[in-house]
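Take the sequence shown: its letters are residues 57 to 642, numbered as in the working numbering.
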Amino acid sequence: MLVLAAWIAVAPAWAAAEFLEPEKAFRLAVQEQGAGQVQLQWTIAPGYYLYRNRIGVSGTGVGAVEKPRGEVKEDPNFGTVEVYHEAVQVGVQAGTASTLRVTWQGCADEGLCYPPVEKDIVLASTGPSAAAPSAPVPAASTTGASTAAIVAGNDADISRLLSQRSLAWTLPLFFVLGIGLAFTPCVLPMVPILSSMVVGSGATPRRGLLLSLAFVGPMAAVYAGMGVLAALAGAGLQAWMQNPWTLLSFAAVFVVLALAMFGFYELQLPAFLRDRLASKTVRGGSLTGAAAMGALSAVLVGPCMTAPLAGTLLYIAQGGSAAEGALLLLSLGLGMGVPLVVLSTWGARWLPRPGPWMDRVKAAFGFILLGIAIWMAQRVIAPQWSLLLWGCLLVALAFSLWQLARSAVAANLRPASTLVARSGAAVAGLWGAALVFGAAAGASDPSQPLRNLVAAPAASAAAAPAFETLQDPALLQARLADAAARGQPALVEFSADWCTSCKTIEREVFGDPRVGRALDGVLLLRADVTRSDVAQRAFMQRLQVMGPPTLMLYAPQGEERRDQRLVGEFGPEALLERLQTGSTGS
57 MLVLAAWIAV
67 APAWAAAEFL
77 EPEKAFRLAV
87 QEQGAGQVQL
97 QWTIAPGYYL
107 YRNRIGVSGT
117 GVGAVEKPRG
127 EVKEDPNFGT
137 VEVYHEAVQV
147 GVQAGTASTL
157 RVTWQGCADE
167 GLCYPPVEKD
177 IVLASTGPSA
187 AAPSAPVPAA
197 STTGASTAAI
207 VAGNDADISR
217 LLSQRSLAWT
227 LPLFFVLGIG
237 LAFTPCVLPM
247 VPILSSMVVG
257 SGATPRRGLL
267 LSLAFVGPMA
277 AVYAGMGVLA
287 ALAGAGLQAW
297 MQNPWTLLSF
307 AAVFVVLALA
317 MFGFYELQLP
327 AFLRDRLASK
337 TVRGGSLTGA
347 AAMGALSAVL
357 VGPCMTAPLA
367 GTLLYIAQGG
377 SAAEGALLLL
387 SLGLGMGVPL
397 VVLSTWGARW
407 LPRPGPWMDR
417 VKAAFGFILL
427 GIAIWMAQRV
437 IAPQWSLLLW
447 GCLLVALAFS
457 LWQLARSAVA
467 ANLRPASTLV
477 ARSGAAVAGL
487 WGAALVFGAA
497 AGASDPSQPL
507 RNLVAAPAAS
517 AAAAPAFETL
527 QDPALLQARL
537 ADAAARGQPA
547 LVEFSADWCT
557 SCKTIEREVF
567 GDPRVGRALD
577 GVLLLRADVT
587 RSDVAQRAFM
597 QRLQVMGPPT
607 LMLYAPQGEE
617 RRDQRLVGEF
627 GPEALLERLQ
637 TGSTGS
């Protein structure tokens, strides 16, 4: 307490880094190009980046939103994300919309994360400024901050961004994924039936190849159509997918689909529909008939493939590009058709026969779907629970691999396959157990799950400081007034669920026992601005808070020492150094 009082009484020489206002960090220009096409151009200041999945456009009649691929960024809290530096251009099919509601969010490389920005764009072609449709359109900001000047984007930078991530690796990936999906139990047993429809009796290998290609092409085209629909819907899903209830609902759906992959129940068309489709043979082996049956087969196997197909469609919907969605699912459909082409051309002896191994392939997809469910849920649940779920999944995977190794021994399979299964079970089991025990001990970092268990006794003696989390600015001001009336110093941390650096600070800075001891006797308040509503944005503007993480220190008299404010990501040593500077300065 004495250390903090001395520190608050003396202004340190250090000053917080200056950050740009969000309108200056991310300058937006809007250009209408006719035929309902609108180009949104952001010029991004050096040292800042924009999140790809946080860009959203909504409005009556708004269609596809074309967002280029961004730079891949490995985030320790949010996993793999895509970001834009310098500039980005987004195409919008506005249709007949007169107003576009555009949302975006970005961060600074130094750790500051801005709240989501939301602007209403009145289009000149339908609004009152129709005389100048090519000029940048002013936006009515709902952030409460002043409207910055809007400038045009850089075409060269945009072209470079577009070329950084291409379909060169995603198309082969989806093709291989399609081949893997073709060997699931609901698809492979149908291959002989579909082959008899396509090839017919007495067909030569060349004729079988032509017929099978005629079958696979329309089947893949149906999947491409699904990709287009998913991509078009992606424009409206961008903001919706950020809602915690939406994320948890999708995670629950993936759990249900995963249980189906484990054989608890089946998801497929009713038996009378399957039998009716399977009973229709292609007379004479015509290419037209093969093409028709190929399109029907996509309907036949589609519901049975709901689990993996749902994940693929969700990925495309988040990308938002109709052309990319079509190409990716076209590649998926072509991959699914590979076994049929092989069977129809060279005969059934080249394909593996249906058997127990197919259930293992299906179970593998089940574990993948459970992983996707945890990945979606971990963005809205506590880190300890996320760690626990990952640990349980790995333990279950270890048990499955161990059972696989036992069955391999019983079947007298090659020792190498048994060794691989047992090694995988050991690694997954040990890692999963570490995650479970780490979560029970309060850990949240998957790379160091046992850190809390092996910490030094002196370090574990001090508990992490307890914050009072508030979302209402009025309640926060009331708590600060109470502290001033008691003569108690206070600390206010602005935080949000979407703030990457906030999670790091919570774990590395406030989890440090030295910081906990130095802040003993201080009222600790956490201003949660996750919602970023009107009241919160006005409160932040009044205090000149650009965004989280921002740490404010208040003297016992209730006045903030503005020059001691911490903005952006910082470590425990930085905070302790400021405390020590204030103490020695007295």
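Positions of the beta carbon are idealized from the N, C-alpha and C atoms, including for glycine. All values reported here derive from a predicted model rather than from experimental measurement.
{"Query": "C-beta atoms of residue 118 and residue 151 nearer than 8 Å", "Result": "yes"}
{"Query": "Burial state of residue 543, where buried means 16 or more other Cβ atoms lie within 10 Å", "Result": "exposed"}
{"Query": "Assigned secondary structure, residue 176 (DSSP; H/G/I helix, E/B strand, else coil)", "Result": "strand"}
{"Query": "Inter-residue CB distance, residue 127 and residue 139 (contact presumed, cutoff 8 Å)", "Result": "6 Å"}
{"Query": "Closer than 8 Å to chain D by CB, residue 167", "Result": "The structure shown contains no chain D; it is built from a single protein chain."}
{"Query": "For residue 538, the first and last residue of its enclosing alpha helix (DSSP H)", "Result": "529-542"}
{"Query": "Length of the line joining the Cα atoms of residue 459 and residue 314", "Result": "19 Å"}
{"Query": "Three-state secondary structure (DSSP) of residue 77", "Result": "coil"}
{"Query": "Coarse secondary structure for residue 653, derived from DSSP in three states", "Result": "Because the chain is modelled from 57 through 642, residue 653 falls outside the range shown and cannot be assessed."}
{"Query": "Beta strand (DSSP E) runs wholly inside the region 107-156, at least 3 long, in chain order", "Result": "112-114, 127-131, 135-140, 143-149"}
{"Query": "Local conformation of residue 83 per DSSP, three classes", "Result": "strand"}
{"Query": "Cβ contact check for the region 418-437 and the region 471-485: 3 or more pairs under 8 Å", "Result": "no"}
{"Query": "One or two residues paired with residue 582 in a DSSP bridge", "Result": "525, 549"}
{"Query": "Alpha carbon of residue 304 to alpha carbon of residue 312, nearest angstrom", "Result": "12 Å"}
{"Query": "Reduced DSSP category for residue 94 - H, G, I as helix; E, B as strand; rest coil", "Result": "strand"}
{"Query": "Buried or exposed by the 16-neighbour rule on C-beta atoms within 10 Å, applied to residue 107", "Result": "buried"}
{"Query": "Collapsed DSSP secondary structure at residue 295 in the structure displayed", "Result": "Interpretation of residue 295 is limited by its pLDDT of 42, a score under 50 that renders its predicted location unreliable; the figure taken from the coordinates is listed afterwards. Note: residue 295 maps to helix in three-state DSSP."}
{"Query": "Cβ pair residue 656, residue 485 closer than 8 Å", "Result": "Absent from the model: residue 656. The displayed extent of the chain is 57 to 642, so no value can be given."}
{"Query": "Residue 164 in three-state terms, based on DSSP", "Result": "strand"}
{"Query": "Whole-Å CB distance - residue 143 paired with residue 99, under 8 Å assumed", "Result": "5 Å"}
{"Query": "Residue from 136, 175, 235, 88 with nearest C-alpha to residue 82", "Result": "175"}
{"Query": "Rounded Cβ spacing between residue 167 and residue 473 (contact assumed at less than 8 Å)", "Result": "48 Å between Cβ atoms; not a contact."}
{"Query": "Burial state of residue 104 (16 or more Cβ within 10 Å)", "Result": "buried"}
{"Query": "CA nearest to the CA of residue 608, picked from 631, 593, 136", "Result": "631"}
{"Query": "Separation of residue 148 from residue 155, as counted between CA atoms", "Result": "12 Å"}
{"Query": "Beta bridge counterpart(s) of residue 608 as assigned by DSSP", "Result": "548"}
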